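What follows is a single structure, written as structure tokens, with notes after it.
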Amino acid sequence: METHLQKHVREPPSQCHLCPAAFNYNSKLAFHVRTHTEERPFSCVHCNASFSRKFILTEHMRTHTGERPFSCVHCNASFSHKSNLISHMRSHTRERPFSCVHCSASFSVKSSHDAHVRSHTGEPPFPCVHCNASFTRKSHLVRHVRTHTGERPFPCVHCNASFSLKGNLVSHMRTHTGERPFSCVHCNASFLRKDKLVNHIRTHKGVRPFSCVRCNASFMVKCHLIEHKRTHTGERFFSCIYCDASFARKAHLTEHIRTHTGERPFSCVHCSASFSREQHLTYHMSRRHGKKP
1134 METHLQKHVR EPPSQCHLCP AAFNYNSKLA FHVRTHTEER PFSCVHCNAS
1184 FSRKFILTEH MRTHTGERPF SCVHCNASFS HKSNLISHMR SHTRERPFSC
1234 VHCSASFSVK SSHDAHVRSH TGEPPFPCVH CNASFTRKSH LVRHVRTHTG
1284 ERPFPCVHCN ASFSLKGNLV SHMRTHTGER PFSCVHCNAS FLRKDKLVNH
1334 IRTHKGVRPF SCVRCNASFM VKCHLIEHKR THTGERFFSC IYCDASFARK
1384 AHLTEHIRTH TGERPFSCVH CSASFSREQH LTYHMSRRHG KKP
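Quick note, in our numbering, the sequence shown goes up one by one and the last residue is 1426.
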């Protein structure tokens, strides 16, 4: 009890020796000092990642274990981060607490609100130092930069695959567990990812919401429109670091690079087979082991 009460007793203000900031708790001062020293004392045992705070390490570990302790009371969705659950709950309650001061728009997620506000203020976006791309959100820039650096900070604990995006790791883990949580209400199809379900439902409804402004082409999936537009512009953003090849799609570059490295990151859990493409693993598991594709 005494130990617990001490957490509520404020200590005399302690000042940072590197800047004028002062804190009432030594623990907060210690964390602040790490913003100067860049010390990251909490290391992951599964990969090379390290963090300045223990709770961030705890959250990161869930990308390896697949743990999703925060469950929605309205549906079967579960999340590795509490903040993601809170955002998801708003899809049920329709709550949109983040309102724009410039217009009547409101948002359920703060990052969406912040990006929208920049459309009014003209605030400079986040530019890439490697190419001419720029982004309205820093998180999008971070993801994009990995297409240049090749960084893949999210490794699978079941095989040698690693990913630049956490969401891609979560989806990949389901190829090992067989989980397909997103089911179609029109047929028996089920999917590893929600966006694949949304795209599939359009095949029932015949909806093609993404139209090209240069021709009559329209698409069910936005990324297909983006790829199609490059047939007009000739853009090939994704270049191979081993040869002169370049590609309009990142996925095509990733697959091409494996012809240089020989990497086969998608391993079968039932036998010793491994593959350079995830769809080849899915096909193998279906034909050889009778697992549902």
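The C-beta atom is built at its ideal place from N, Cα and C for all residues, glycine as well.
These numbers were taken from a predicted model, which means no experiment stands behind them.
According to the DSSP assignment, aspartate 1328 belongs to the alpha helix (DSSP H) that extends over 1327-1338.
Residue pairing from DSSP places proline 1260 in a beta bridge opposite Ser1267.
A residue is called buried once 16 or more other Cβ atoms fall within 10 Å of its Cβ, and threonine 1387 is buried on that count.
Bounds of any alpha helix (DSSP H) do not take in phenylalanine 1370, whose DSSP letter is neither H nor E. Here DSSP, grouped into helix, strand and coil, assigns alanine 1384 to helix.
Spatial neighbours of histidine 1417 in its own chain (CB-CB distance under 7 Å, excluding positions within 5 residues in sequence) are listed in chain order as Cys1401, Ala1406, Phe1408. Annotated as proximal: threonine 1308 and leucine 1414, with beta-carbon spacing under 9 Å. Contact between histidine 1365 and phenylalanine 1352 does not hold, since their C-beta atoms are separated by about 14 Å, which reaches or exceeds 8 Å. Spanning the alpha carbons of cysteine 1152 and glutamate 1171 requires a straight line of approximately 15 Å. In the structure shown, the three-state DSSP call for serine 1213 is coil.
The segment 1332-1343 and the segment 1235-1246 do not touch, with fewer than 3 CB-CB distances between them shorter than 8 Å.
Counting other Cβ atoms within 10 Å of its Cβ, phenylalanine 1188 stays below 16 and is therefore classed as exposed. The three-state reading of DSSP puts alanine 1155 in strand, counting E and B together. By the CB criterion at 9 Å, serine 1245 and phenylalanine 1231 fall inside the cutoff. Spanning the alpha carbons of alanine 1322 and serine 1419 requires a straight line of approximately 15 Å. Annotation for arginine 1335: Met1353 place their beta carbon closer than 6 Å to its own, counting only its chain and skipping 5 residues before and after.
In its chain, beyond the 5 residues on either side, Cys1205 have a beta carbon closer than 7 Å to the beta carbon of methionine 1222.
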